[in-house]
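A.B. asks: Numbering (the working numbering), first residue to last: 14 to 302.
Every residue gets a Cβ at the ideal spot worked out from N, C-alpha and C, and that includes glycine.
Take a look at the following structure, please.
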Amino acid sequence: SFCTLLAVEPTSAMSFDIRWNLLTDAGGPQGTAADTFRAILNQKLRTSCPKEIRSLELTHFDFGSTAPVVEISEIGSSRLAQTSDFDEWELATLPEDVRFAADAQQHHNDQLARHASEQRLHHQLLVQQQQQRARSEHGSMNEASTSSVWGSRQMPQPPLSAQTPTDVDSASEAEAEDIIGEYVGSDGLFMGVQLKYGGCLELQGELVLDKTVELSPVCAVGAGIPVGFSITNVSIDTLLAVDIYRDTGRIWLEPGRGPAEPPITGLGVTVTLGRGPDAITPQVIGDLV
14 SFCTLLAVEP
24 TSAMSFDIRW
34 NLLTDAGGPQ
44 GTAADTFRAI
54 LNQKLRTSCP
64 KEIRSLELTH
74 FDFGSTAPVV
84 EISEIGSSRL
94 AQTSDFDEWE
104 LATLPEDVRF
114 AADAQQHHND
124 QLARHASEQR
134 LHHQLLVQQQ
144 QQRARSEHGS
154 MNEASTSSVW
164 GSRQMPQPPL
174 SAQTPTDVDS
184 ASEAEAEDII
194 GEYVGSDGLF
204 MGVQLKYGGC
214 LELQGELVLD
224 KTVELSPVCA
234 VGAGIPVGFS
244 ITNVSIDTLL
254 AVDIYRDTGR
264 IWLEPGRGPA
274 EPPITGLGVT
284 VTLGRGPDAI
294 TPQVIGDLV
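This is the structure we're talking about:
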C-alpha cells in the first residue's frame with residue numbers, strides 16, 4: 014500500500030518529514046518502491062489509453078535522493094460549501110473546475126429535492142386511494158339495506174392534501190444524506206499543501222501511436238509509431254489544493270508563495286522517434302524555467 018511506500022511523520026508548524034529512503038532504497042516485501050510505483054502506473058495505463066495510442070509504458074522511474082518539502086499552509090471550510098448560494102464574488106475567485114463543481118452540486122441538490130417531492134406525493138396518493146377504496150367497500154354493505162328507504166347516497170370525497178414545503182425539505186435531506194460530513198464536518202474541508210521539490214526525479218517511457226496508412230482507396234495498413242520520452246530535472250514550487258464537500262471533491266494546483274511563480278519552475282524533456290541505433294531525436298526541449 015502507499016502507506017508503506019510513503020510514510021510521513023508530523024512535526025511542528027504543520028510540516029511533514031517524509032522518510033524518502035522508503036521510496037529509494039531496495040528491500041522490503043515488494044522490492045523497491047520505484048519499481049512498485051511503475052508497475053501500478055503501467056497497469057493503469059494499459060486499461061485507460063485512448064484508441065489513438067496502442068500502448069504506453071513507463072520503462073524507468075527514479076524518485077531521486079532529495080526529499081521534497083511538504084507543509085500544510087491552510088485548513089478550513091470547503092470553498093464549494095461557500096459557493097452553495099452562488100455568491101458571485103466567491104465564484105469569480107475560484108478556478109473554473111471548482112465553479113463547475115459548485116454548479117453541479119446545486120443542480121444535484123435540486124434534483125434530489127424534486128425526486129423526494131414526487132416520491133412523497135405518489136405515496137400520499139396511494140394511501141388516499143386505499144382509504145377511499147376501503148370506505149367505498151364499507152359503504153356498499155350498508156347501501157343495500159338503506160337504499161329502498163333513503164335512496165342511494167354517495168360518500169363525500171376528501172380533498173387531496175397539499176404537500177407542505179417542510180415535508181419536501183425533510184424528504185430531500187433524507188435523500189441527500191451527507192456521508193462525508195461525518196468525518197470532515199458539515200462545512201466540508203479545504204486543505205492547502207505547500208509542495209517544493211528540486212530533486213533529480215527521472216521518468217522515462219515509450220509511447221506507441223496507432224497510425225493507419227492508406228495505400229490506396231481500398232487498402233490501408235495499420236502501423237505502430239514508437240515514441241520515447243524522458244523527463245528530468247523537475248523543479249516544483251506549488252500549492253496543492255484539496256477541496257471536499259458532500260459527495261464532491263476537487264484537487265488543483267496553484268502558484269507557490271513566490272511572486273508570479275508557476276507551479277513547475279524547471280523541467281527537462283527529451284523526445285525520441287523509433288527504437289535502437291536508428292532512433293532519431295527530432296526535438297530536445299531543455300530546461301524550462
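Pick helix, strand or coil for Phe50, following the three-state DSSP scheme.
C.D. replies: helix
A.B. asks: My assumption, with CB atoms under 8 angstroms, is that Leu214 sits in contact with Ile257. Please give the rounded CB distance.
C.D. replies: Not really, about 28 angstroms apart at Cβ, beyond 8 angstroms.
A.B. asks: Do the CB positions of Leu220 and Val240 come within less than 8 angstroms of each other?
C.D. replies: yes
A.B. asks: Around the C-beta of Asp100, are 16 or more other C-beta atoms found within 10 angstroms, so that it is buried, or is it exposed?
C.D. replies: The predicted position of Asp100 is uncertain, since its pLDDT is 46 and thus under 50; a value taken from the coordinates is nonetheless stated next. Exposed: under 16 other Cβ atoms inside 10 Å.
A.B. asks: DSSP state of Ala93, grouped into three classes?
C.D. replies: First, the residue type needs correcting, since residue 93 is Leu and not Ala in the sequence shown. Leu93 falls in the helix class under three-state DSSP.
A.B. asks: Would you report the Cα separation of Val82 and Phe50, rounded to the nearest angstrom?
C.D. replies: Going by the C-alpha atoms only, they are around 20 angstroms apart.
A.B. asks: Quick check on the burial criterion: 16 or more other C-beta atoms within 10 angstroms. Buried or exposed for Leu138?
C.D. replies: Looking at its Cβ environment, which holds fewer than 16 other Cβ atoms inside 10 Å, Leu138 is exposed.
A.B. asks: Counting along the chain, where does the beta strand (DSSP E) carrying Glu65 start and finish?
C.D. replies: Boundaries cannot be given for Glu65, as no beta strand (DSSP E) includes it and DSSP labels it neither H nor E.
A.B. asks: Cβ of Asp200 within 8 angstroms of Cβ of Ser86?
C.D. replies: no
A.B. asks: What span of residues does the beta strand (DSSP E) with Asp250 cover, start to end?
C.D. replies: 232-258
A.B. asks: Shortest alpha-carbon distance to Gly287 belongs to which of Ala236, Lys209, Gln145?
C.D. replies: Ala236
A.B. asks: Within a Cβ cutoff of 6 angstroms, which residues of the same chain sit near Gly205, ignoring the five residues on either side of it in sequence?
C.D. replies: Ser86, Glu87, Leu252, Ala254
A.B. asks: Out of Phe242, Arg259, Lys57, Asp250, point me to the one whose CA is closest to Val284's CA.
C.D. replies: Phe242
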